[in-house]
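Protein chains in written order, with our numbering: chain A, 169 to 586; chain B, 169 to 586.
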C-alpha cells in the first residue's frame, strides 16, 4: 500500500476528435489497477492545472461518464497552449510541477499531446529524478498533424483524414454537378502547418476520378505551375478541386495567407489560404469558384471519426497505464504497423528521448512527382487509418457528448503565479 | 398506349445532399407506372439539357444504380444556374423546350429546384397549353435555403441544418477546451443569402449550454451591440461561438463581405463574412479566434444527412409522379406539418401560381428578442427536421456514392444556340 500512488493526466495543445478516447483509456485502465494506482487527477486546462494546483478528481465521475468520453470530441478537462521550454528557462515551473505531484502523492504523469508535450514529459521525468521525487512520466501521443516520430500515426489524425477525404469527395461531387454553367473550382483549406499529412488525405478522392490538386507545405508554391495544373484539369474534367494546406508557402517561406498574429508558442496564426488561391485562379483563368476553410470543424468532427483512430486512441491511453504499471518511465506507447492491406498494427513503445522535438514530415515518395498529388504508397498508408466508422449516439437529432462534472481537488500548496 | 408519354426530369440551381433522393423517388415511382409513363429522360446539366436536346436516358441505369441515388449527394445528372425569366424576354427558350418535349414525346415535366425553378415550371405549363402541346409540369421542391412558401420545409435544408448544428456543437466543445489560454472565439460562416434558416440551426446548440451568437440576414448588423453580446458571453462562459450567415448585412444593405462577383442570376457572390467578424472581435476585444467557412461542405454533407430530410426528399419525388399520374398540372408536392414533438407530417400539394417567386423568410418570432438567438418556437420547428441519421454505406473508409452512366438520347432536332 505504501507504493500506491495517484496519477496525473493532462491534455495538451490543440484538441482532437479522439483525445478523450485516450483519456477514457487512461482512466478506465487506471481504475482496473487500483492496487498500484490511486486516483487519477486531471489537470484543469492542461498543464496549467498542475502548475496552479487546479486538479480535477476524476474519481467523482461515474463509469458511464468516463465511458462516454470515448465518443466525445474536444478536451473534457480543458487543454492549453503553454510550452515549458528548457529546464534552465523554466526551472521554477518544472520544480512547481514536482511540488504539486509530491503534495498530492502523484507518482504517474500521463501527458497527452504532441511534440512539445513529449519534450515537457521527458524533462519532468529527468527533473523528478534529480529532485529526489521520481515520477514515471509517460507520454500519450496526440496530434492531428501526425508529425510525431516512430509511431505509425498519431491519434486524432486518422479522424481528420477521414473527415477531409469524405468532405473533399462530397464537395467535389457538388462542384462537378455545377461546373457546366457555374462553379468550376472548389478550394478547401485544411490544417497542417509544417506537415502535409492532412492535405494528403484529400488526395484519396483521386481514386474515384476526381481531379484534385493538393498544395502541400512540403512543396514550395509555384504559382505558374499550379495554375497550369488547374487549367489542365478544368480543360479535361470541366472542374477542379484544390486542397490547400494552411502551411503552404512561397519559396521565401512566406505563407500564402498569414493573419499577422502569433500564438503562445510563437507560431504564426494561419488561415485564409483558400480565398487567396481561389482568387488567384479567378484572376488568371476566370473560373467561378467556391472555397471553404474547415478549421476546427475538421479536428472536432467526432461524428465522422475513423473507427481505427478511436480504437488506437483508446489503446494508447490504456497502454500508457500498462507501461506505468510495469514500471516504465520516460516512454511513449506507439502504433507499430504490421501490414497495409488489410491494415494491421500492434502497440509498441518508444523512449521519450527519441521522440522529443523530432518532427515527422511527409516522405517525399508519398507526394507525386509533380508535387500536386499523393503516390500509391501514401494512399496505402492513409487508407488504413480511415477504416471504419464509429458513430456517436444521437438524441433528438444531435450527438450525445458528455460534459464531465470536473470536481476540483482541495488545494494544499500556496498559490503559484504563472 | 396512345396516351403513354415520356417524362423529363431536371435538377436546378445549387445541389444538395438529398436532391438525388428526390430523383430516386421520381424515377423509381415512374418505373412503377410504366402503363402511363414511358422513359424518364433527365436533362444533362439541368434545363440546359432540355434546351440543347442533351437528354439522358435513365432507363439505361440499373435499379441498383437508381436506388443508390438515395444516398448520393450532389446532382447526378448535373445542375445549372440558368434562369428563364419572363415569357416575353425568353420566348425563344420556352418554345424550344416545348419543341424538345414534343420531339421526344415528353408529357411530364418534373423540375427539381427552388423558387426560380418553380417559376419556370409554372411558365412551361402555361405556354405548353397555348402552344397546343400540353405538358404536365410538376415542381419538386429543393433548396438548402428553405425559402419556398407553403411547404413546411424544403428537402436539402434538414440535412444542412443537421450538419451545421452538429458542426457548431463539435467546434464549440473544441473552443471551450482551448479557451483558458488560447482561442476564445470561434466563428463559422454558413449559407443563406436572404433567409437565416441555416444560421438558425446553429442556435440549437444553446440548449446544451453553449454560448452562441447568431448573425441573421433578417437582422441588420449592429457592430456595437454585437460586440457587447460577444463580450458578455466571454466574460460569463470564457468563450463564445458565432454563427454568421453569408447574407448578414449592414443597415444600408451592404453585406459583411462581398466578393465583388455576381452569378448568372445577378446575385452577388458572397463569402468571407467569418474572417471579417473574427477580426472585428479581435480588434475590439483582443480575443484569439478561429474561423471556418463551411461553404459546399455543408450542402454536400450526405455523410451526416438528416434521415427525415432524406425521407422527405424521396417522398416528394414520389408524390410528384403520383400527382402527374392523377392528371395534375402546375403543382408542387409539399410537406404539411401535423405536429412538432414528435415531428409528424403528411404530403400535400400547392398550386405553382402560389409558389412561384414567393420567398419565405424566418418569422420574426423564430428569432430571439435581441436578434442573436432562436426562440423555443424555432427550436421546435428545426428539431423535427434533423431527426435521425441516414448513413451511406462505406468501403475502404470512404462513402460509396454512385456515378451514373448518363447515356445520351439520340438528338432529333437542329442545334439550338444558347
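Idealized CB from N, CA, C, for every residue including glycine. Please read all numbers here as calculations on a predicted model, not as lab measurements.
Among the bridge pairs identified by DSSP, residue 383 of chain A is matched with A:412.
With a contact defined as Cβ atoms closer than 8 Å, residue 305 of chain B and residue 498 of chain B qualify at about 6 Å. Distance from the CA of residue 451 of chain B to the CA of residue 457 of chain B, rounded to the nearest whole angstrom, comes to 11 Å.
Beta-bridge partners assigned by DSSP to residue 173 of chain A: A:205. Interface annotation for the segment 547-567 of chain A against chain B: 550, 551, 552, 553, 554, 555, 556, 557, 559, 562, 564, 565, 566 and 567, criterion Cβ-Cβ distance under 9 Å. For residue 349 of chain B, a Cβ of chain A is located within less than 8 Å of the residue's own Cβ. Under DSSP, residue 280 of chain B takes part in a beta bridge, and its partners are B:179 and B:308. Pairing residue 565 of chain A with residue 356 of chain A, the inter-Cα distance amounts to about 27 Å.
Contacts with chain B at 8 Å (Cβ-Cβ) include residue 472 of chain A.
Given a length threshold of 3 residues, each whole run of the beta strand (DSSP E) inside the segment 317-366 of chain A is given here in chain order: 353-358. In the displayed model, residue 541 of chain A falls within coil according to three-state DSSP, outside both helix and strand. Spatial neighbours of residue 446 of chain A in its own chain (CB-CB distance under 6 Å, excluding positions within 5 residues in sequence) are listed in chain order as 355, 457 and 459.
Proximity of residue 354 of chain B to chain A, defined by a Cβ-Cβ separation below 8 Å, is satisfied. Along the segment 226-250 of chain A, the positions whose C-beta sits under 9 Å from a C-beta of chain B are 240, 241, 242, 243, 244, 245, 246, 247, 248, 249 and 250, read in chain order. Per DSSP, residue 518 of chain B is one residue of the beta strand (DSSP E) stretching across 512-519. Put simply, the segment 483-502 of chain A does not touch the segment 466-473 of chain A. Fewer than three CB pairs are less than 8 Å apart. Contact annotation: the segment 206-226 of chain B touches the segment 178-188 of chain B, with at least three C-beta pairs closer than 8 Å. Your pair residue 380 of chain B and residue 336 of chain B checks out as a contact, with CB atoms roughly 7 Å apart and the cut at 8 Å. By the criterion of a C-beta distance shorter than 8 Å, residue 359 of chain B is surrounded in its chain by 312, 313, 328, 366, 413, 414, 462, 463, 466 and 467, once the five residues flanking it on both sides are discounted. Shown here, residue 505 of chain A sits in a strand according to DSSP, grouped into three states.
Under a 10 Å Cβ-count criterion, residue 391 of chain A is classified as exposed, with fewer than 16 other Cβ atoms of the shown protein chains found around its own Cβ. Contact annotation for residue 440 of chain A against chain B: 443 [CB-CB distance below 7 Å, chain order]. Look at residue 529 of chain B here: in three-state DSSP terms it is coil, with no helix or strand label. Taking CB atoms only, residue 448 of chain A has no neighbour in chain B less than 8 Å away.
Under the DSSP assignment, residue 492 of chain B falls outside any beta strand (DSSP E), being part of the alpha helix (DSSP H) whose first and last residues are 475-493. Pairing residue 211 of chain A with residue 223 of chain A gives a Cβ-Cβ distance under 8 Å.
For residue 395 of chain A, the uninterrupted alpha helix (DSSP H) run begins and ends at 391-405, by DSSP. The three-state secondary structure of residue 216 of chain B, taken from DSSP, is helix. At least one beta carbon of chain A lies nearer than 8 Å to the beta carbon of residue 464 of chain B. Selection B:421, B:369, B:333 and B:472 evaluated against residue 535 of chain B yields B:369 as nearest (Cα-Cα). Using a 10 angstroms sphere on the CB of residue 397 of chain B, the tally of other CB atoms reaches 16 or more, which defines it as buried.
If you draw a straight line from the Cα of residue 478 of chain A to the Cα of residue 188 of chain A, it is about 9 Å long. Against residue 469 of chain A, the close residues of chain B are 335 and 338, in the order they occur along the chain (beta-carbon pairs closer than 8 Å). Look at the segment 292-306 of chain A: it has no residue with a C-beta under 7 Å from a C-beta of chain B. Taking a Cβ-Cβ threshold of 8 Å, the residues of chain B close to residue 343 of chain A are 464, in chain order.
Below 8 Å, enough C-beta pairs join the segment 575-582 of chain B and the segment 271-283 of chain B to call them touching: three or more.
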